[in-house]
Structure formats: structure tokens, C-alpha cells
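Undergrad: A single structure is presented below for examination.
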Amino acid sequence: RTRVLTGITTSGTPHLGNYAGAIRPAIVASRDAGTESFYFLADLHALIKVTDPARVQRSTLEIAATWLACGLEPEKVWFYRQSDIPEIPELTWLLTCVAGKGILNRAHAYKAAVDRNRAESEDDDAGVTAGLFMYPVLMAADILAFNANKVPVGRDQVQHIEMARDFGQRFNHLYGEHFTLPEAVIEAQVATLPGLDGRKMSKSYDNTIPLFAPPATLRKLIMSIVTDSTEPGVPKDPDSSNLFALYQAFASEDETAAMRRAFADGIAWGDAKQSLFERIDAEVAPMRERYEALIAKPAEIEAILRDGARRVRETHVTPFVTRLREAVGLRDLS
Ligand code: TYM
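For the sequence shown, UniProt numbering assigns the number 3 to the initial residue and increments by one for each residue that follows.
So this is what it looks like as C-alpha cells:
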């Protein structure tokens with residue numbers, strides 16, 4: 003069976019970009035009998051950005067409840083929290099020892115930090131932790147630990163998956179064919195979902211629309227999406243519009259074609275926003291209700307996560323990492 007794996011960092015409240023870019027395609031893939039799915043909460047990655055323990059815990063609960071509310075079936079997929087699997091940091095070290103430093107120098111997040119420092123004529127690495135630098139190696143361990151074939155992600159994660167391939171290949175070359183090389187799967191409609199200001203929807207830009215915002219908040223946020231000053235009645239270009247990109251990510255092909263015509267006919271921005279709100283709310287409302295019920299029962303969510311980690315370690319990770327330890331010349335701990 004094809005192995006599909008993806009993770010979400012527990013650094014905030016899940017937003018429409020996480021949903022359309024990763025959660026929705028992952029849930030669809032998990033219903034295919036030909037796939038085995040691995041979905042997890044990347045809380046070790048969260049520590050790179052968040053130093054408030056309460057926030058990491060709250061986000062873990064919210065993201066777990068979100069997966070479940072969106073239709074993940076914990077009996078049918080592997081569903082776990084990254085930090086419940088001690089073999090992940092262990093594998094991170096094995097991969098660290100084969101990862102080229104030059105490759106890590108080119109990782110987008112690290113490079114952006116260095117470029118910002120240079121622009122402000124600071125020391126290149128001012129304020130940069132080794133955790134940020136090593137981020138792609140930890141992510142490679144997440145993926146390679148399960149020999150995942152396909153990784154559904156938004157465009158911003160593609161470089162990390164290419165790096166995972168590179169580290170896996172290098173390890174295979176040195177120690178024998180242990181790792182399957184993963185491929186990114188990107189939904190063309192939502193490769194990068196724009197946020198309120200038109201830039202990529204991202205926690206770091208503070209431009210997100212929370213997936214389960216109450217309807218009144220959702221509507222208010224959608225009404226605040228930045229548009230140009232084209233008047234009603236004047237044709238608008240759908241292909242350069244964030245509003246249209248958002249609509250397309252949530253609408254059927256027919257609805258999208260109709261909205262394209264409405265743009266050509268000069269639909270008023272307020273009316274286009276109202277349609278977008280109605281489309282998103284229609285998709286999200288039933289999941290929002292399940293989410294509210296789930297988030298009220300943290301102990302149940304905790305039990306699902308612990309059970310998931312226990313089973314996935316037993317079945318997959320522990321035997322595999324034992325083999326890898328042996329391959330590099332370390333003792334068998336079992
Ligand atoms: P994170 O938590 O930033 O985002 C989770 C997923 O949501 C996607 N995404 C978007 N997709 C489309 N448009 C957007 N505006 C948008 N914003 C976020 C991301 O691409 C991602 O798929 N490093 C990862 C988490 C991770 C992981 C992994 C993913 C850790 N280990 C192993 C896959 C495999 C991250 O920080 O995603």
C-alpha cells in the first residue's frame with residue numbers, strides 16, 4: 003500500500019491554509035483502500051518558534067480535535083503526537099550525521115532569517131537557534147521513519163521534502179537501501195492559499211482565517227480581505243485576485259466557472275465576499291459542530307493520541323529504528 007504521511011506544527015490555531023493545503027487532501031487520501039496513512043502533531047517542531055508551554059499544549063489539543071472533526075478515523079489511520087515517539091529525535095541524529103550543512107544553509111526559513119539580519123547589518127546568525135537550522139532534518143526523520151511515499155503539503159513545504167529525499171538517499175548510499183524516497187503531493191487549487199492581506203496565509207504573518215471561527219467572526223474576517231478599488235460594474239481579473247483564489251479552493255468546478263463569469267461582469271467586491279463566506283461556511287459548519295464537542299473532552303483526545311503513539315511505535319518505528327541502529331554500527335537495545 004502507498005504510505006501517505008503529513009504533520010502540522012502545534013504552534014497556533016489551525017487555519018484555512020492548513021485545512022485546504024494538508025488536512026482535506028490527507029483525509030481524502032485516507033479513505034482510499036490502497037493507502038496507509040500517518041498523520042501527526044509536530045510538537046517538537048513547535049518548540050523552534052514557541053517558548054510558551056501552555057500555547058504548545060493548547061495548540062496540540064486544537065489541532066488533534068481539528069483532525070478528528072474533519073473526519074479522521076483513528077482506528078483506520080496512524081494518528082499520533084511526534085514527541086510521544088522518542089525514536090524520532092534518535093533518527094534525527096542519524097540523519098544529522100549524513101545531512102550536508104550546505105543544504106541546510108539554503109533552507110528557506112533559515113535563509114530568510116540570515117537575509118533579514120544582513121539587511122539590518124547584524125551578525126548573520128543573530129537570534130537564530132540551531133533548532134531553526136536543523137528544522138529540515140527533524141522533518142526528514144518524521145517522513146523517513148515511516149518510509150512514506152507521499153506527503154500532502156502546501157507549496158511552502160516542498161523544499162523540506164526534497165531535503166528529506168536528499169538525506170535519505172545519502173544514508174542509503176552509505177548504509178544500504180533502508181529508506182523509501184518521499185514525494186510531495188500538492189493540490190493545484192490551493193498550493194498557496196492567500197491570507198487576509200494577499201500574502202501566503204501564515205501564523206507568522208498574522209493574516210490567517212481560523213478554520214473554526216464562529217460564523218460571525220468568519221464573515222467579518224472575510225469582509226476584511228484586502229481587494230483593489232475596482233468599482234462594481236467594472237470587470238475584475240480573477241487570476242490576480244486573492245478573493246478568487248480562496249473561492250476556488252472551496253468551490254466546485256461549476257461554481258468556480260460561474261464566479262469567473264461574475265468577475266468578468268464586474269461583481270461588487272462585497273457580493274463576492276458574501277459568496278465566499280457562504281461557500282466556506284457551508285463546508286465548515288458540520289465540522290465546526292463536531293470540533294466544539296471534541297475540544298470539550300481533552301481526556302478523550304489525549305487517550306486517542308497515546309494509544310496511537312503506542313501502536314505506531316510497536317508496529318513500525320521501534321523495529322525499523324532498531325535496524326537502522328544496527329546498520330550504522332550501534333548496539334541493538336531490544
Ligand atoms: P505548518 O504547520 O506550517 O502547516 C501545516 C500544513 O499546512 C500547509 N499550509 C498551507 N497550505 C496552503 N496554503 C497556505 N497558506 C498554507 N499554510 C500552511 C503547510 O504546507 C503544511 O502542509 N514543517 C511542517 C510540519 C511538518 C511536516 C512534517 C509536514 C513537520 N514534519 C512531515 C509533512 C511531513 C509545518 O510547519 O507545517
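Even glycine gets a Cβ: it sits at the ideal position worked out from N, Cα and C.
Figure out for me which residue from Phe252, Pro216 and Gly200 has the closest Cα to the Cα of Tyr21.
TA: Per the Cα distances, Phe252.
Undergrad: Out of Pro88, His162, Asp208 and Ala111, which has the shortest C-alpha to C-alpha gap to Arg8?
TA: For clarity, residue 8 is Thr in the given sequence; the question names Arg instead. Ranking the options by Cα distance to Thr8, first place goes to His162.
Undergrad: Which one or two residues does DSSP pair with residue 2 in a beta bridge?
TA: Since the first residue shown for the chain is 3 and the last is 336, residue 2 is missing from the structure and cannot be characterised.
Undergrad: Assign His17 to one of two classes, buried (16 or more other C-beta atoms within 10 Å of its C-beta) or exposed (fewer than that).
TA: The residue in question, His17, is buried, as its Cβ has 16 or more Cβ neighbours within 10 Å.
Undergrad: Can you give me the Cβ contacts of Ile65 inside the same chain, cut-off strictly under 7 Å, excluding the 5 residues immediately before and after it?
TA: Here the set comprises Ile10, Thr12, Pro16 and Leu43.
Undergrad: DSSP three-state label for His180, please.
TA: If DSSP states are grouped into helix, strand and coil, His180 belongs with coil.
Undergrad: What do you get for Asn107, buried or exposed, if any count of 16 or more other CB atoms within 10 angstroms of its CB means buried?
TA: Asn107 comes out exposed.
Undergrad: Which residue marks the beginning of the beta strand (DSSP E) containing Ala186, and which one marks its end?
TA: Element bounds for Ala186: Glu185 to Val187.
Undergrad: Between which two residues does the beta strand (DSSP E) containing Lys152 stretch?
TA: Its beta strand (DSSP E) spans residues Lys152 to Pro154.
Undergrad: Ordered along the chain, which non-local residues of its own chain (more than five positions away) have a Cβ less than 6 Å from that of Ala193?
TA: Answer for Ala193: Arg157, listed in chain order.
Undergrad: Can we count Leu183 as close to the ligand TYM, meaning its CB is less than 6 Å from some heavy atom?
TA: Checking every heavy atom of the ligand TYM against the Cβ of Leu183, none is found closer than 6 Å.
Undergrad: Using the beta-carbon count (16 or more within 10 Å), is His120 buried or exposed?
TA: The sequence shown places Arg at residue 120, not His. The residue is exposed, with fewer than 16 neighbouring Cβ atoms inside 10 Å.
Undergrad: Where in the segment 76–139 do unbroken runs of the alpha helix (DSSP H), each at least 4 residues long, occur, reported from the N-terminal end onward?
TA: List check, alpha helix (DSSP H) in window: 89–98, 103–107 and 110–121.
Undergrad: Is Val228 near the ligand MG, with its Cβ less than 6 Å from a heavy atom?
TA: Although the ligand MG was asked about, the structure shown includes only the ligand TYM as ligands.
Undergrad: Starting from the C-beta of Phe279, find all residues in its chain whose C-beta is less than 6 Å away, skip the five residues before and the five after it, and write them out in chain order.
TA: Taken in chain order, the residues that qualify are Arg221 and Ile224.
Undergrad: DSSP three-state call for Pro16: helix, strand or coil?
TA: In this structure, Pro16 counts as coil in the three-state DSSP scheme.
Undergrad: Quick check on Lys202: does DSSP put it in helix, strand or coil?
TA: Strand.
Undergrad: Measuring CB to CB, does Thr94 end up less than 7 Å from Leu134?
TA: Contact: no.
Undergrad: Closer than 8 Å by C-beta to Ala311: which residues in its own chain qualify, once you throw out the five before and the five after it? Chain order, please.
TA: Closer than 8 Å at Cβ, skipping near neighbours: Tyr82, Arg83, Asp86 and Ile87.
Undergrad: Considering Cα atoms alone, identify which of Val187, Ala128 and Thr229 is closest to Ala115.
TA: Selected option, being the one with the closest Cα: Ala128.
Undergrad: When you compare only the Cα positions, how much space is there between Gln159 and Lys152?
TA: C-alpha separation (whole angstroms): 13 Å.
Undergrad: Check Glu255 in the structure and name its three-state DSSP category.
TA: Reduced to three states, the DSSP call for Glu255 is helix.
Undergrad: Please report the residue range of the alpha helix (DSSP H) in which Gly23 lies.
TA: Run containing Gly23: none; DSSP gives neither H nor E here.
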